[in-house]
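Student:
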Amino acid sequence: MRSVDYRDSDRIVTLLTEDEGKMSALARGARRSQRRFGGALQPYVLMHAEFRPGRGELSHLERVSVERSFHGILQSLDAIGAAGAAMAVIRERVPDHEPEPLVFDAAVRFLDALHEGAPPEECLLSLQIRVLNVLGFAPTLDQCVACGKIPAPGRAASFDAARGGIVCRACGGGRLVLSSGSLLRWAAVQSTVEYPETPWPEPEREQIHDALDQLDALHATTAVRERTGTAAGRWEGRS
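Each number in this note's numbering comes from the position in the sequence shown (counting from 1) with 15 added on.
(1) Assign valine 160 to one of three DSSP states: helix, strand, or coil.
(2) State the DSSP-derived secondary structure class of histidine 75, mapped to helix, strand or coil.
(3) Over the uninterrupted beta strand (DSSP E) stretch that includes phenylalanine 174, give me the two end residues.
(4) In three-state terms, what does DSSP make of isoleucine 165?
(5) Tell me whether aspartate 127, by its Cβ, gets closer than 7 Å to a heavy atom of the ligand GDP.
(6) Using a 10 Å radius around the Cβ and a threshold of 16 neighbouring Cβ atoms, would you call phenylalanine 125 buried or exposed?
(7) State the beta-bridge partners of glutamate 65 as determined by DSSP.
(8) Apply the 10 Å Cβ neighbour rule to serine 24 and answer buried if 16 or more other Cβ atoms are within range, or exposed otherwise.
(9) From aspartate 34 to alanine 177, what does the alpha carbon distance come to, in whole angstroms?
(10) Can you grab the Cα-Cα spacing for the pair serine 91 / leucine 139, in whole Å?
(11) With a threshold of 8 Å on Cβ separation, who are the neighbours of alanine 121 within its own chain once the five nearest residues in sequence on each side are excluded?
(12) Proline 135 and alanine 167 - do their beta-carbons sit closer together than 8 Å?
(13) From the DSSP output, read off the bridge partner residues of serine 84.
(14) So, using beta-carbon positions, are leucine 193 and glutamine 158 closer together than 8 Å?
(15) Let me confirm a value: serine 206 is counted as buried when at least 16 other C-beta atoms fall within 10 Å, else exposed. Which label applies?
(16) Roughly how many whole angstroms lie between the Cα atoms of glutamate 212 and histidine 75?
(17) Taking Cβ positions only, does glutamate 221 come closer than 8 Å to chain D?
(18) Taking the alpha-carbon positions, what's the leucine 56 to alanine 226 distance?
(19) When we look at the beta-carbon of arginine 184 and count the other beta-carbons within 10 Å, is it buried (16 or more) or exposed?
(20) Should glycine 189 go down as buried or exposed, given a rule of 16 or more other Cβ atoms within 10 Å for buried?
(21) Would you report the Cα separation of glutamine 111 and serine 173, rounded to the nearest angstrom?
(22) In angstroms, rounded to a whole number, what distance separates the CA positions of arginine 170 and phenylalanine 152?
Given below as structure tokens:
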């Protein structure tokens with residue numbers, strides 16, 4: 016997920032692993048020789064990695080082998096931006112050394128979808144929704160968080176991230192309105208592991224993006240907010 020140069024020839028890499036969760040490791044000689052690690056330490060690669068314990072939280076990366084490279088991402092600036100933003104979201108949301116196999120699966124499927132040409136903004140929004148859901152931070156969207164009132168079918172609902180979900184008018188409402196289509200879209204994303212193959216209707220995409228922005232404003236760092244904002248279809252000059 017991230018690689019930082021260290022000393023004269025080493026690198027410190029941050030990886031998302033299936034069995035150990037998010038972890039950082041020292042890759043000795045990674046900058047000096049390609050023989051030991053080859054191209055496995057490049058972004059957007061699924062690999063098999065072997066570690067040995069190090070001092071403190073930093074393990075030592077012994078050897079790696081590439082299982083799959085999602086190189087199709089590199090063909091699109093939008094896909095590159097979405098992938099970078101997604102890795103930033105995962106780095107921040109997932110605790111160190113706590114296995115989250117559902118997040119790992121979501122990340123691999125996300126990279127595969129971008130590699131195959133799926134719409135980047137919709138994939139990024141879906142990844143954000145799924146990570147929040149898996150880690151127990153999903154907002155309440157099926158009833159008012161204050162009184163429990165269930166919105167009528169086909170009706171829009173006010174959303175307030177600070178209160179944790181939708182809020183009915185009697186309880187004060189919220190600054191953002193989610194249409195019934197957006198609510199159904201969000202619920203559909205949470206109920207499947209697949210990523211969208213076609214773009215969403217623009218109003219739904221914008222409303223879901225704004226709701227996730229509200230959640231990030233409460234919990235995410237400035238760096239993550241900037242990455243997700245830039246990646247979500249907001250490249251300079253894009254119509």
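Think of the CB as a built atom: it goes at the ideal place given N, C-alpha and C, for glycine as much as any other residue.
Values in this document were obtained by computation on a predicted structure and should not be read as measured data.
Tutor: Looking at the atomic coordinates:
(1) coil
(2) strand
(3) 172-175
(4) coil
(5) You won't find the ligand GDP in this model; it holds no ligand whatsoever.
(6) buried
(7) Arg78
(8) exposed
(9) 33 Å
(10) 14 Å
(11) Leu142, Arg145, Val146, Val149, Val208
(12) no
(13) Val60
(14) no
(15) exposed
(16) 39 Å
(17) Of the protein chains in the structure, only one exists, and it is not chain D.
(18) 34 Å
(19) exposed
(20) buried
(21) According to the sequence shown, residue 111 is aspartate rather than glutamine. So the two alpha carbons sit approximately 35 Å from each other.
(22) 24 Å
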